[in-house]
Amino acid sequence: MLDHSFCSSPWFHLRLTYNGDFEECRWFKKSQTTPVNVRNASLLEFYNSDRMRTLRTDLLSGASPTGCETCQYEDNFNKLSGRQRQLLKSGIRKDTFALSLRSSPHYQHFLHTWQNDGHADYAPVDLQIDLGNVCNSACIMCGPTASSRLHTEYRTKLHKINPALFADPITYQSWTEDPETLEKFIVELISIPNLKYIHFLGGETLFDPAFYSICERLIDAGVSQRIIVGTTTNGTIYDARIERLISQFKEFHLGISIESVTELNDYIRYPGKIAEILPNIDRFLALRDSAPLFVSLRITPNVFTASEIDLLFRYMLSRHVIAESCNILFDPPGLRIELMPDNVRQHTIDKLKTLIDEFGMVKNNHVNIRKNEIIDGVIADTVIDYYNFIKDYKLPDNTEELRYQLVSFIKTFELSRNNCILDYAPEYEQFLRHYGY
Amino acid sequence: MHPNMNNFSDITAIDTAGQLSIRLQLQFRGSTESLITLNGHVIRSDSVDLEINLFDPIKLSIDLLSFNEGTSGIEIQTLTVNGLEVLPKYQHLASKPTNYIDQLGIWTFKIPPPFYVWYHTTTGQGWIA
């Protein structure tokens, strides 16, 4: 049914990926069709490309398009999905879907598309721009296309140790390294009349010169005061240039990626040190008092970090900061939360239940979660979402195969890095030994 | 309310008449004389249900003609639209920020159409793309 599958995102949102290929959406699984690249197509050309028109037509027809699986999976658990968040940007509510869609300001644009073979008579308003893979981190759930450090490690070690799990990485040039392409794109960006939100991703954006140059150009062009800028950092560095940028935009949304407040984070988000990251988070949080800044933690819980997610939630409560979980981890498949050993899973459920009871948490179903005045309610939603997910998830059909793959996966990293998961998560020893650790 | 929305044609086929159900509950305290209208309909009881078009504005007006100072007035206990509370929750958006009318003159509360866009904005659901 339409209320279970429709998404308004393709009418106002696009993603530009690391190598310059456009994608339909920030949550969309990588398209298998012919790439359209920013080096030879403009953003607006892609906006009404065959791919986008097909996607819009499918969505209006009530289909569940290939590529939208992440949101479909999260919707099954009533977890706040990208689809729900994008629908809200069209004023469409889940609880009154038909009427709020019928009275959405975008209704006329949907109608136009329905009558014109997928064509949209609107323009992008919300963009995700992946700048490249320049990054000082090599997180184990990341890939070489998003981390230059991991790219090097794949090439020099991981692929040689375990070519089955670690493919020889493709070397590509980030689109931002091509001055002509960057200039052309910035000019187009400035010309988009109704642009409201840009989310920049790296790599590590605070390292990337392109991040600063695009922001500065938006400021110089006099359009920054109508634009909300968001970006995600790994928290390993605090660059003072960010302080000036924050005040120049309508709002600035800063996501800080951490998975745990213990040293387990050091293992997952290698080689960052949580002891250095937490003080940086406090510095960023302090900026909230004097600037239009919204800070959130960006979490992607996995088979290990889910076991101490309660500690992360307690940290969030103490710092008055929400977490945004962009999606439930699917890839690498061996790191999926659903592979947790039964005893750890049950212990995690118990700890989350204790937390929920201790703070009297109730579900608020907030969708627009970036508001400082509802932080406690948003945290409660997140805690309850994860409690329900960990309690209710079904094991994947190939669980045994994936658990063996998990061990092979981490052993490869550990050979490269000379570290050991049991130093960080000793409660997994029996489980991991069983699968060949 | 709207089952079997299988594709966009089902949305376009919605008859927009009568899609907003307004429920108004009043309490008359003490002796008052007033003219109360909801979307032009004169209200004479303390409980009213009204159905309007999805794209109609909503206007509640209370003209208090006489009352006893300090002992009488009209309380708007609830105004809901399709079950969503509007008053007293958003009384600060009325011509006078109250849900208890005890002053002579006209008190009004207006919701510009469409209701769901107003509700989105008023409840702080963020920018619309």
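Residue numbers (the working numbering), protein chains in the order written: chain H, 1 to 437; chain R, 1001 to 1129.
Quick reminder that beta carbons are idealized off the backbone N, C-alpha and C, glycines included.
According to the DSSP secondary-structure assignment, D130(H) is paired through a beta bridge with L201(H). Counting only runs of 3+ residues, the beta strand (DSSP E) found wholly inside the region 291-324 of chain H occupies 293-298 and 322-324, in chain order. With its beta carbon less than 8 Å from one in chain H, A1129(R) belongs to the interface. Nearest CB-CB separation between F1008(R) and chain H: below the 8 Å threshold. Here DSSP, grouped into helix, strand and coil, assigns I337(H) to helix. Contacts with chain H at 8 Å (Cβ-Cβ) include P1114(R). When DSSP states are grouped into helix, strand and coil, Q225(H) belongs to the helix group. Apart from the 5 residues on each side of it in sequence, D58(H) sits with its Cβ closer than 6 Å to the Cβ of P65 in its chain, given in chain order.
Nearest CB-CB separation between R56(H) and chain R: not below the 8 Å threshold.
Within the region 1088-1121 of chain R, the residues whose Cβ lies closer than 9 Å to some Cβ of chain H are P1113, P1114, F1115, Y1116, V1117, Y1119, H1120 and T1121, listed in chain order. Look at H1041(R): its C-beta is not under 8 Å from any C-beta on chain H. Sixteen is the threshold: when 16 or more other Cβ atoms of the shown chains lie within 10 Å of the Cβ of L1060(R), as they do, the residue is buried.
Residues of chain R whose Cβ lies closer than 8 Å to the Cβ of N343(H) do not exist, since the nearest Cβ in that chain is about 41 Å away. DSSP places D350(H) within a helical segment (H, G or I) once states are collapsed to three. Judged by DSSP secondary structure, T1122(R) falls within the alpha helix (DSSP H) whose first and last residues are F1115 to T1122. Apart from the 5 residues on each side of it in sequence, G62(H) sits with its Cβ closer than 8 Å to the Cβ of M1, L2, S5 and F6 in its chain, given in chain order. As computed with DSSP, E1051(R) is found in a beta bridge with S1021(R). Counting only Cβ-Cβ distances below 7 Å, I1014(R) has contacts in chain H at A98 and R102, in chain order. Taking 8 Å as the threshold, the shortest C-beta distance from S90(H) to chain R falls below it.
At a C-beta separation below 9 Å, R93(H) has these neighbours in chain R: Y1116, Y1119, H1120 and Q1125. The region 208-216 of chain H makes no contact with the region 21-34 of chain H, as fewer than three CB pairs between them are under 8 Å. Spanning the alpha carbons of D266(H) and I274(H) requires a straight line of approximately 6 Å. S49(H) and E429(H) have their C-alpha atoms spaced approximately 51 Å apart. Note that the C-beta distance between I1076(R) and N1099(R) is below 8 Å. According to the DSSP secondary-structure assignment, I256(H) is paired through a beta bridge with T233(H) and L297(H). Using a CB distance below 8 Å, the part of the region 1052-1076 of chain R facing chain H consists of L1054 and F1055, ordered along the chain. Taking 8 Å as the cut-off, the Cβ atoms of P10(H) and E23(H) do not count as close. Contiguous beta strand (DSSP E) elements confined to the region 12-57 of chain H occur at 13-16, taking only those with 3 or more residues. For Q1091(R), there is no enclosing beta strand (DSSP E), as DSSP marks it with neither H nor E.
Residues of the region 1024-1041 of chain R with a C-beta atom less than 7 Å from some C-beta of chain H do not occur. A distance of 8 Å or more separates the beta carbons of S148(H) and C139(H). Looking at the DSSP output, S90(H) bridges to nothing. When only Cα atoms are considered, D376(H) and G272(H) end up about 28 Å apart.
Contact between C142(H) and L150(H) is confirmed by a C-beta separation of about 6 Å, below the 8 Å threshold. Here DSSP, grouped into helix, strand and coil, assigns H366(H) to coil. At a C-beta separation below 8 Å, I1022(R) has no neighbours in chain H, since its nearest C-beta there lies roughly 14 Å away.
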